[in-house]
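The next block holds one structure in the form of structure tokens; read it before the comments.
2 protein chains.
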Amino acid sequence: MATVHRLRSGSPSLDPMVSLVQGDMNAVNAVILDRMQSEIPLIPELAGHLIAGGGKRMRPMLTLASARLIGYTGTRHHRLAAAVEFIHTATLLHDDVVDGSDLRRGRRTANIIWGNPASVLVGDFLFSRSFELMVEDGSLKVLKILSNASAVIAEGEVNQLTAARRIDLGEDRYLDIIGAKTAALFAAACRIAAVVAERPEAEEQALDSYGRNLGIAFQLVDDAIDYVSDAGVMGKDAGDDFREGKMTLPVILAHARGGPEDRKFWKDAVEGRRVSDEDFAHAVELVRRTRAVDDTLARARHYGQRAIDAIAGFASGRAKDAMVEAVEFAVARAY
Amino acid sequence: MATVHRLRSGSPSLDPMVSLVQGDMNAVNAVILDRMQSEIPLIPELAGHLIAGGGKRMRPMLTLASARLIGYTGTRHHRLAAAVEFIHTATLLHDDVVDGSDLRRGRRTANIIWGNPASVLVGDFLFSRSFELMVEDGSLKVLKILSNASAVIAEGEVNQLTAARRIDLGEDRYLDIIGAKTAALFAAACRIAAVVAERPEAEEQALDSYGRNLGIAFQLVDDAIDYVSDAGVMGKDAGDDFREGKMTLPVILAHARGGPEDRKFWKDAVEGRRVSDEDFAHAVELVRRTRAVDDTLARARHYGQRAIDAIAGFASGRAKDAMVEAVEFAVARAY
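So the sequences go chain by chain: A and B. According to the working numbering, the first sequence is numbered sequentially starting from 13. According to the working numbering, the second sequence is numbered sequentially starting from 13.
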């Protein structure tokens with residue numbers, strides 16, 4: 013009898029994955045703390061603010077869980093998971109500068125506390141440090157995967173920047189952007205586990221696909237949450253994306269499905285002329301009426317199901333169950 | 013009879029080094045142009061502005077000249093020299109954001125034309141690309157040298173940021189800063205030539221020392237030029253550093269050697285309260301009276317001589333002559 017994992021409703025949780033990797037994560041955290049040190053006090057101070065700031069360590073967790081899934085018993089992935097987290101942290105620091113953000117996960121951002129220059133430079137430091145960690149590991153294959161992911165992320169960020177406030181951004185280009193800026197690192201984080209474990213190419217690809225599809229689902233749900241009025245989910249306030257005129261799938265769908273008046277509203281919003289609470293309330297009403305959030309979440313479930321199917325070929329067990337439930341958790345967050 | 017190379021006066025030039033590496037540099041430029049491409053048009057547009065903007069390609073030139081010095085006949089260093097230039101370009105893009113600069117080499121900076129966000133993100137892209145180039149080359153030793161140099165540069169930049177506008181910065185910490193933010197990449201650019209040529213560790217170290225000392229001399233002269241009223245040298249206007257309150261060696265020496273009134277003037281200047289043309293004229297007078305520029309240049313000659321002596325052990329010939337003259341050129345620029 014085949015076991016068919018399907019997305020189910022209920023209240024899935026990240027807890028099984030968190031406990032699956034708990035021991036390994038302690039080792040990763042030790043590497044992170046050790047390698048963010050510097051004789052220049054501002055570096056650990058600023059990096060520590062973000063790194064200790066309550067993130068879920070989703071990406072290193074995926075490296076660790078993937079390693080479990082394929083039965084890897086070494087420790088090389090600890091250093092590499094830390095490298096992945098450093099790339100992510102560097103990206104967040106630069107993102108907050110680019111977006112002029114003042115809050116992340118409910119705390120003041122580093123750029124607000126220490127200024128943009130410090131955030132740019134400490135981001136560069138962490139990025140360099142991540143490569144030092146990879147070089148210490150010594151796998152050119154891992155280096156290739158992660159340097160490519162980094163270039164793709166940066167390209168995706170520039171793509172997003174040039175797409176900013178453009179109401180004519182279509183779903184395809186939007187998917188290109190989130191595929192690059194979010195999903196590429198999820199994919200790489202999973203894939204490198206198969207590389208250090210010296211598993212066949214097909215397993216590398218399967219883990220890459222799991223991570224990539226999960227990353228897309230994750231970002232889609234994040235974008236949907238912004239239009240779900242129950243604020244405070246994931247430390248993000250509803251309406252933030254809307255007030256910043258961010259082009260996300262709910263906006264793309266609501267604009268495409270709306271009448272002339274609605275389209276004008278969305279164009280004005282994206283171009284920065286609709287930022288009041290009433291405007292946001294109207295936006296929520298429009299996405300509801302056009303089913304734009306529902307269908308953004310339906311898209312997320314599609315990618316989530318692909319993530320689950322990508323690892324169907326691996327042996328059943330605690331790791332696989334945790335990885336399946338992590339996907340279910342990712343797509344269920346908005347309910 | 014030993015040939016003792018000494019710094020001489022006269023009008024040394026960079027031309028011998030430029031013609032020494034001309035053929036190789038065409039290959040490097042081809043790699044640079046090819047690898048700064050992207051489907052996102054803003055990336056080659058912005059990167060091209062800076063890369064085509066009249067820089068001397070000093071760092072890749074050093075890789076190429078060093079390879080000549082040791083008789084390397086392969087082509088691996090072309091890709092690596094391009095990687096070095098990408099690291100440098102990424103650093104410049106971020107530096108201009110950090111400093112809020114509006115001019116570089118007499119042209120408007122990328123951050124002024126395309127905005128800070130684009131400069132930050134395209135810098136990240138070039139930085140990632142540089143690692144991709146290194147990974148393609150495949151030498152873990154080169155990767156280690158350049159990832160370490162990158163981390164040291166970023167650390168030096170943060171160090172400089174936290175030292176900004178602090179009149180109590182001493183010469184030692186100033187040397188630490190320029191050793192990290194400027195000299196580390198000069199050193200790495202030279203050293204990697206010995207690595208690809210598989211030369212003994214002692215030659216690696218000699219080239220590292222040549223590059224590091226040249227880099228320090230280069231930066232010292234740059235800092236001195238700001239207080240030499242004959243503007244326009246190297247496309248830099250006299251007084252720029254002064255008006256930005258930058259802590260450089262001329263300021264450190266003039267402050268240390270001045271009386272109470274002079275010290276107050278320098279403190280005010282560094283803290284941003286002295287930015288007029290009269291203030292700058294007074295500053296030039298003070299650095300002259302205290303011999304602060306002369307002695308900054310004397311320090312530069314010291315490091316220049318060390319650079320020259322570092323390569324004393326290599327065979328004489330066109331490459332060595334060009335590398336010696338490049339040092340003479342670097343320290344003679346301010347006269």
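We treat Cβ as the ideally placed atom computed from N, Cα and C, and that holds for glycine.
CB-CB length for residue i against residue j, believed under 8 Å
i, j, result
"L115 of chain A", "L62 of chain A", "Not quite, the Cβ-Cβ distance comes to about 13 Å (not below 8 Å), so this is no contact."
"V305 of chain B", "Y239 of chain B", "5 Å"
"M48 of chain A", "L138 of chain A", "7 Å"
"V40 of chain A", "P72 of chain A", "5 Å"
"V339 of chain A", "A250 of chain A", "Not a contact, Cβ separation roughly 24 Å."
"M335 of chain B", "Y222 of chain B", "7 Å"
"R91 of chain A", "E148 of chain A", "6 Å"
"A331 of chain A", "L81 of chain A", "4 Å"
"H267 of chain A", "I179 of chain A", "6 Å"
"M259 of chain B", "A175 of chain B", "6 Å"
"I237 of chain B", "A346 of chain B", "5 Å"
Chain B contact for residue i (CB, 9 Å cutoff)
i, result
"H61 of chain A", "no"
"R141 of chain A", "yes"
"V245 of chain A", "The predicted model places V245 of chain A with a pLDDT of 46, which falls under 50 and marks its position as unreliable, so this point remains unresolved."
"S113 of chain A", "no"
"F341 of chain A", "no"
"A166 of chain A", "yes"
"E51 of chain A", "yes"
"A102 of chain A", "yes"
"K258 of chain A", "no"
"V110 of chain A", "yes"
"E169 of chain A", "yes"
"L187 of chain A", "no"
"I125 of chain A", "no"
Simplified DSSP state of residue i, which is helix, strand or coil
i, result
"L104 of chain B", "helix"
"R88 of chain A", "helix"
"L26 of chain A", "coil"
"L173 of chain A", "helix"
"L181 of chain B", "coil"
"R211 of chain B", "coil"
"R203 of chain B", "helix"
"R117 of chain A", "coil"
"R47 of chain B", "helix"
"P3 of chain B", "As shown, chain B starts at 13 and ends at 347. That puts residue 3 of chain B outside it, with no answer to give."
"R330 of chain B", "helix"
"K156 of chain A", "helix"
"G35 of chain A", "helix"
"S142 of chain B", "helix"
"A64 of chain A", "coil"
"G191 of chain A", "helix"
"R71 of chain A", "helix"
"A346 of chain A", "coil"
is_contact[residue i, chain A] using C-beta, thresh 9 Å
i, result
"F198 of chain B", "no"
"A209 of chain B", "no"
"G150 of chain B", "yes"
"M146 of chain B", "yes"
"I204 of chain B", "no"
"T174 of chain B", "yes"
"S23 of chain B", "no"
"Q121 of chain B", "Looking at the sequence itself, residue 121 of chain B is Thr, so the reference to Gln does not match. No, T121 of chain B lies away from the interface with chain A (no Cβ there is under 9 Å from its Cβ)."
"H267 of chain B", "no"
"S159 of chain B", "yes"
"F254 of chain B", "no"
"N38 of chain B", "no"
"L181 of chain B", "no"
"A378 of chain B", "Since the displayed chain B opens at 13 and closes at 347, residue 378 of chain B lies outside it and no answer follows."
Neighbour-count burial assignment, residue i, 16 or more Cβ in a 10 Å radius
i, result
"G86 of chain A", "exposed"
"D27 of chain B", "exposed"
"A310 of chain B", "exposed"
"M246 of chain A", "Reliability fails at M246 of chain A, whose pLDDT of 47 lies under 50, so the model's placement of it is uncertain and the value that follows must be treated cautiously. M246 of chain A is exposed by the Cβ-count criterion."
"S23 of chain A", "exposed"
"K276 of chain A", "exposed"
"P262 of chain B", "buried"
"V51 of chain A", "Looking at the sequence shown, residue 51 of chain A is not Val but Glu. With fewer than 16 Cβ atoms within 10 Å of its Cβ, E51 of chain A is classed as exposed."
"A95 of chain B", "buried"
The ligand FAD heavy atom lying under 8 Å from the CB of residue i
i, result
"N160 of chain B", "Judged by which ligands are present, the structure shown has none, so any question about the ligand FAD falls away."
Quick check for students: name the residue ranges of the alpha helix (DSSP H) that lie wholly in the region 219–288 of chain A, counting only runs of 4 or more.
252–255, 261–269 and 272–282
Kindly provide the ranges of any alpha helix (DSSP H) runs that are 4 or more residues long and lie completely inside the region 300–326 of chain B, ordered along the chain.
If we require 4 residues or more, the alpha helix (DSSP H) runs fully inside the region 300–326 of chain B come out as 304–322.
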